[in-house]
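Q: Chains as they are written, first to last, in this note's numbering: chain A, 1 to 233; chain B, 234 to 466; chain C, 467 to 699; chain D, 700 to 932.
Where is the CB? At the ideal position from N, CA and C, for every residue including glycine.
Here it is, the structure in full.
Number of protein chains: 4
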Amino acid sequence: MTDWKTEISSSGEDAVIRGEKLGEVMDMDFADAIWLLLKGDKPSNKESELFNTILSSSIDHGVGNPSTVSARTVQSGGNEMNTSVAAGILALGDAHGGAIEECMQILQSEDTAEEIVDEYLEEGEKIPGIGHKVYEDEDPRAQKILSKAEELGLAGEKVEKMKEIQKEFAERKVGLVMNVDGAVAAVMSDLGWDYRLGKGLFIIARTPGLVAHVHEEMDEPDFRREDGEYVGE
Amino acid sequence: MTDWKTEISSSGEDAVIRGEKLGEVMDMDFADAIWLLLKGDKPSNKESELFNTILSSSIDHGVGNPSTVSARTVQSGGNEMNTSVAAGILALGDAHGGAIEECMQILQSEDTAEEIVDEYLEEGEKIPGIGHKVYEDEDPRAQKILSKAEELGLAGEKVEKMKEIQKEFAERKVGLVMNVDGAVAAVMSDLGWDYRLGKGLFIIARTPGLVAHVHEEMDEPDFRREDGEYVGE
Amino acid sequence: MTDWKTEISSSGEDAVIRGEKLGEVMDMDFADAIWLLLKGDKPSNKESELFNTILSSSIDHGVGNPSTVSARTVQSGGNEMNTSVAAGILALGDAHGGAIEECMQILQSEDTAEEIVDEYLEEGEKIPGIGHKVYEDEDPRAQKILSKAEELGLAGEKVEKMKEIQKEFAERKVGLVMNVDGAVAAVMSDLGWDYRLGKGLFIIARTPGLVAHVHEEMDEPDFRREDGEYVGE
Amino acid sequence: MTDWKTEISSSGEDAVIRGEKLGEVMDMDFADAIWLLLKGDKPSNKESELFNTILSSSIDHGVGNPSTVSARTVQSGGNEMNTSVAAGILALGDAHGGAIEECMQILQSEDTAEEIVDEYLEEGEKIPGIGHKVYEDEDPRAQKILSKAEELGLAGEKVEKMKEIQKEFAERKVGLVMNVDGAVAAVMSDLGWDYRLGKGLFIIARTPGLVAHVHEEMDEPDFRREDGEYVGE
Chain A
1 MTDWKTEISS SGEDAVIRGE KLGEVMDMDF ADAIWLLLKG DKPSNKESEL
51 FNTILSSSID HGVGNPSTVS ARTVQSGGNE MNTSVAAGIL ALGDAHGGAI
101 EECMQILQSE DTAEEIVDEY LEEGEKIPGI GHKVYEDEDP RAQKILSKAE
151 ELGLAGEKVE KMKEIQKEFA ERKVGLVMNV DGAVAAVMSD LGWDYRLGKG
201 LFIIARTPGL VAHVHEEMDE PDFRREDGEY VGE
Chain B
234 MTDWKTEISS SGEDAVIRGE KLGEVMDMDF ADAIWLLLKG DKPSNKESEL
284 FNTILSSSID HGVGNPSTVS ARTVQSGGNE MNTSVAAGIL ALGDAHGGAI
334 EECMQILQSE DTAEEIVDEY LEEGEKIPGI GHKVYEDEDP RAQKILSKAE
384 ELGLAGEKVE KMKEIQKEFA ERKVGLVMNV DGAVAAVMSD LGWDYRLGKG
434 LFIIARTPGL VAHVHEEMDE PDFRREDGEY VGE
Chain C
467 MTDWKTEISS SGEDAVIRGE KLGEVMDMDF ADAIWLLLKG DKPSNKESEL
517 FNTILSSSID HGVGNPSTVS ARTVQSGGNE MNTSVAAGIL ALGDAHGGAI
567 EECMQILQSE DTAEEIVDEY LEEGEKIPGI GHKVYEDEDP RAQKILSKAE
617 ELGLAGEKVE KMKEIQKEFA ERKVGLVMNV DGAVAAVMSD LGWDYRLGKG
667 LFIIARTPGL VAHVHEEMDE PDFRREDGEY VGE
Chain D
700 MTDWKTEISS SGEDAVIRGE KLGEVMDMDF ADAIWLLLKG DKPSNKESEL
750 FNTILSSSID HGVGNPSTVS ARTVQSGGNE MNTSVAAGIL ALGDAHGGAI
800 EECMQILQSE DTAEEIVDEY LEEGEKIPGI GHKVYEDEDP RAQKILSKAE
850 ELGLAGEKVE KMKEIQKEFA ERKVGLVMNV DGAVAAVMSD LGWDYRLGKG
900 LFIIARTPGL VAHVHEEMDE PDFRREDGEY VGE
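Structure (structure tokens):
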């Protein structure tokens, strides 16, 4: 039989989150409470400011991406909010929002920037956190996060390592911008976050957007139908 | 063919959230960005303070409830973060987190407190927002939210209506505390939020907790198995 | 603490399904095993033939419908088979596959055909099981199911009641065909199935189609992106 | 913009499944229609018999496993059938139902039995398809599937390779039974199925069981709550 134990929280009269009384958590800003819950300590004011920026940067990205399409399509099938939001979150797989976690993992590994670039180039793959379809010179979201991290004195060795990866890649192949995933991954790593929370962080940031889209979809009269074409024999 | 239009946000170089440039949204606190995204305007400082308290109040509730069990059980089956968190959100149906939305709906209806209590008593049902298994005198989370709303001058006619419902119910049947769902529903209604976002609000607040539990589950060696018993013939 | 008891099945050395040894169930056709599992007895040969037709009739419907779009979109986000198929099933809400269950419910109610039509017309709603976008004279899938039920001597009072509903509706409003949902609902009701299994039956029939589409999507190189348009201020 | 094309099926008046008219598919047994849909041709009578046995063998496994617990827990939260069944399917990750696919993949690889055993032993891992907690001498479900495949003349080189893997493993480490996952994987591979459908096949077989459990859960009065314990500081 399974044994349900946790170090995270308790409920009821003596409810706590990571040892803090729930009543005190209710006086914390939501982003600070998220930090406490996931990291186990309270952020400093500077860490809090940077963390808020990172969360707000990913809050919504228009209507055409896979998670939004999935959430709204499911809602249009005649479902409840929880069902539709979950369908949106399901879409956030390796190819859609997965770069932050993969990038955090390589930054937190023992491998040097040089070894990392070698390995990816050998497999012919793109490096997570590097390159953007639209921006050639710089990705403004990435720059804003990096600038804020530097101003606040929170940019450390992982930001440095990310820049080295970018430089190594430019020397061997072609110069590409550091994108927002790379900036978030580097800064979150410097803030001491486990890479296995990279996707979870993105899910937390994106959930409000999915709720907003499902809410908007509630006013649509019909269900979503795409033009399909049968190309079999 | 479906036509994907939205009033919520756009992506790319000119990315906006409800008309605000993404760069500016990145300077907003996460809770304020959530408010902007879902309600379409920016909260005042007082509204922001109260909204943060409401979000932080629901952030996690221990390990035994349906959404946590579902998320951790799915993770233990050998899945990724997004799949497991989605399974937790699926559990947030009418019976688990649904009271806020139902309560917002009756508070935002034209019905008087008297009519509402009549209707529920006729159907022999519990009234959403009233009653608590543990607390007989007062629910401390509810009290904290109501006190803060009053101190900030943000408690309005919906908080009043909720109190009338509680009073009407006490006169006809039995005196019960207003619980945290009732307090959240009343305050969010006074803050001008559409009741159809009640469940969505709860999902946003609970998602960090689900991420934390899935992360903790990653260190469990085995999958979750309950003691089942066959009681068929 | 929850108590996990079931009358459905057991596992391990003495595994049974509804009292039948698993070894014997393995000698049954899959559709017969489904019947045993859900209804608790074994179908006759005639019931089995009709049940197979009903299941096969819903097995797949092209690529543009909500459940297929949702499943394939989620797969394209970089996910595993189980995650993507689940996203497809999530789309099967009230508006997409829900008519069978709603129709079974009214057929299994005490209400007469006349009362049913009255009630729906009063609320200005379409009647589940009646009407089809394409077919004006008859829906060939519905006809095939009804014919087979009649040939096999399995059409009973629920098929009769469904025809009366169609006739009542034609007298009051306009003559419309009985669609495949109506035929399935009537026949499954005559076969003695609980209406609360109506949606479940549809899910069982549609799952192979979702698996096929997710498998096909695995060969697509990119993730699914729709043309979205921002129409906010 | 995404382009929705498929070789699987079409809907509407000329609806087909893999080139077969839907009307004709409706005359096929459900298991045969599943085969057509997923594999693109029709099974012989012998293939059909074996395929039915494989599907029926996995139809349900009691109430304590992760997928059933997940589905029933979500249903108890106040949800619809589709939402709850999807939560059960989500639980079918790598660790719960994933062995069939992994085993099909190694059987369909170029690697010899010897190389496969070498590789797994080197990484210290269990070999998929080999070993069972309960059965020491033989797994009766595995034996039944293998016997039937041999009687029907359908056991081929993949069944042979699976036996070699078992033998190699016994020589190097310890003799373990071939389990039902191994038998299904070997037979489905000999039947010509793509290994990437291994998990999908299991999902199709298990969905009726999930529907049955969610249906049974509908009669439970309360939601599922486990005894959780807070073990934090």
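#1: From this set, B:464, B:266, B:291, which residue's C-alpha is nearest residue 60 of chain A's C-alpha?
#2: So if DSSP puts residue 411 of chain B in a beta bridge, which residue, or which two residues, is it bridged to?
#3: If you run the structure through DSSP and keep just helix, strand and coil, what is residue 306 of chain B?
#4: How long is the line joining the alpha carbons of residue 43 of chain A and residue 259 of chain B, rounded to whole angstroms?
#5: Can you name the residues of chain D whose CB is closer than 8 angstroms to the CB of residue 665 of chain C?
#6: Quick one: Cα of residue 329 of chain B to Cα of residue 79 of chain A, how far?
#7: Kindly indicate which residue of A:46, A:107, A:216 has the alpha-carbon position closest to the one of residue 160 of chain A.
#8: Measure the alpha-carbon distance for residue 676 of chain C versus residue 286 of chain B and round it to whole angstroms.
#9: How is residue 611 of chain C classed by DSSP in three states: helix, strand or coil?
#10: With 9 angstroms as the threshold, decide whether the Cβ of residue 95 of chain A is near any Cβ in chain C.
#11: Give the DSSP bridge partners of residue 237 of chain B, in chain order.
#12: For the segment 528-545 of chain C against the segment 86-95 of chain A, are there 3 or more C-beta pairs whose distance is under 8 angstroms?
#13: Can you check the segment 538-597 of chain C for any alpha helix (DSSP H) of at least 4 residues that lies completely inside it and give the ranges in chain order?
#14: Can you confirm whether residue 43 of chain A, when its beta carbon is compared against all beta carbons of chain C, has any partner nearer than 9 angstroms?
#15: For residue 501 of chain C, would you say it is in contact with chain B, using Cβ-to-Cβ distances shorter than 9 angstroms as the test?
#16: To which residues of the same chain is residue 579 of chain C closer than 7 angstroms at the C-beta, ignoring the five residues directly before and after it?
#17: Step through the CB atoms of chain A and report whether any lies within less than 9 angstroms of the CB of residue 594 of chain C.
#18: Does any CB atom of chain B fall closer than 9 angstroms to the CB of residue 929 of chain D?
#19: Could you tell me which residues DSSP pairs with residue 254 of chain B in its beta bridges?
#20: Given a threshold of 16 other Cβ atoms within 10 Å of its Cβ, counted over all protein chains shown, does residue 18 of chain A qualify as buried or as exposed?
#21: Considering only residues of the same chain and omitting the five flanking positions on each side of residue 668 of chain C, which have a CB-CB separation below 7 angstroms?
#22: Closer than 8 angstroms by beta-carbon distance: list the chain B residues that pair up with residue 5 of chain A, in chain order.
#23: Do the segment 1-20 of chain A and the segment 417-433 of chain B meet, that is, are 3 or more Cβ pairs less than 8 angstroms apart?
#24: Pull up the DSSP beta-bridge partners for residue 242 of chain B, would you.
#25: Using DSSP with H/G/I as helix, E/B as strand and the rest coil, what is residue 63 of chain A?
#26: Do residue 448 of chain B and residue 197 of chain A have their CB atoms nearer than 9 angstroms?
#27: Which residues, taken in chain order from the segment 467-497 of chain C, show a beta carbon closer than 8 angstroms to some beta carbon of chain A?
#28: Starting from residue 227 of chain A, find everything on chain D with Cβ-Cβ shorter than 8 angstroms and list it in chain order.
#29: Need the endpoints of the alpha helix (DSSP H) that residue 168 of chain A sits in, please.
#30: Under the rule that 16 or more other beta-carbon atoms within 10 Å means buried, what is residue 419 of chain B, buried or exposed?
#31: Rounding to the nearest angstrom, what Cα-Cα distance links residue 768 of chain D and residue 84 of chain A in this structure?
#32: Residue 905 of chain D lies in the alpha helix (DSSP H); which residues open and close that run?
#33: So is residue 640 of chain C buried or exposed if we call it buried at 16+ other beta carbons inside 10 Å?
#34: Ignore the nearest five residues each way along the sequence and tell me which others in residue 205 of chain A's own chain have a CB closer than 7 angstroms to its CB.
#35: Against chain D, with Cβ distances strictly below 9 angstroms, would residue 286 of chain B count as a contact?
#36: When you compare only the Cα positions, how much space is there between residue 440 of chain B and residue 51 of chain A?
A: This is what the structure gives:
#1: Comparing Cα-Cα distances from residue 60 of chain A to each of B:464, B:266, B:291, the minimum goes to B:266.
#2: In the DSSP assignment, the residues bridged to residue 411 of chain B are B:363.
#3: Looking at residue 306 of chain B - three-state DSSP - the assignment turns out to be helix.
#4: Straight-line Cα distance between these residues: approximately 18 angstroms.
#5: Chain-ordered, the chain D residues with CB closer than 8 angstroms to the CB of residue 665 of chain C read 779, 780, 781.
#6: Going from the Cα of residue 329 of chain B to the Cα of residue 79 of chain A covers about 16 angstroms.
#7: With distances taken between Cα atoms, residue 160 of chain A lies closest to A:107.
#8: In this structure, the alpha-carbon of residue 676 of chain C lies about 42 angstroms from that of residue 286 of chain B.
#9: It is helical.
#10: Interface criterion met: the Cβ of residue 95 of chain A is under 9 angstroms from a Cβ in chain C.
#11: Paired residues: C:694.
#12: Yes, the segment 528-545 of chain C touches the segment 86-95 of chain A.
#13: Correct list: 547-556, 565-573, 579-588.
#14: Chain C, which has no Cβ nearer than 9 angstroms to the Cβ of residue 43 of chain A, makes this no.
#15: Chain B, which has no Cβ nearer than 9 angstroms to the Cβ of residue 501 of chain C, makes this no.
#16: The residues are 627, 630, 631, 634.
#17: No, no contact with chain A.
#18: With 9 angstroms as the cut-off, residue 929 of chain D counts as an interface residue toward chain B.
#19: Answer is B:249.
#20: By the neighbour-count rule (16 or more Cβ atoms within 10 Å), residue 18 of chain A is buried.
#21: Only 524, 558, 563, 566 meet the Cβ criterion.
#22: For the C-beta of residue 5 of chain A, the chain B residues within less than 8 angstroms are, from N- to C-terminus, 296.
#23: No, the segment 1-20 of chain A is not in contact with the segment 417-433 of chain B.
#24: Partner(s): B:250.
#25: Residue state, collapsed to three classes: coil.
#26: Their beta carbons are under 9 angstroms apart, which means residue 448 of chain B touches residue 197 of chain A by this criterion.
#27: When C-beta distances to chain A are compared with 8 angstroms, every residue of the segment 467-497 of chain C stays at or above that value.
#28: Here the neighbours are 703.
#29: For residue 168 of chain A, the enclosing alpha helix (DSSP H) begins and ends at 157-172.
#30: Classification of residue 419 of chain B: buried, given that the 10 Å Cβ count is 16 or more.
#31: Roughly 21 angstroms between the two C-alpha positions.
#32: It spans 897-916 - the alpha helix (DSSP H) in which residue 905 of chain D sits, taken as one unbroken run.
#33: Residue 640 of chain C counts as exposed, since fewer than 16 other C-beta atoms from the protein chains shown sit within 10 angstroms of its C-beta.
#34: Leaving aside the five residues that flank residue 205 of chain A on each side, the residues in its chain whose CB is nearer than 7 angstroms to its CB run, in chain order, 55, 58, 59.
#35: Cβ-Cβ to chain D under 9 angstroms: no for residue 286 of chain B.
#36: Spanning the two alpha carbons is a distance of roughly 17 angstroms.
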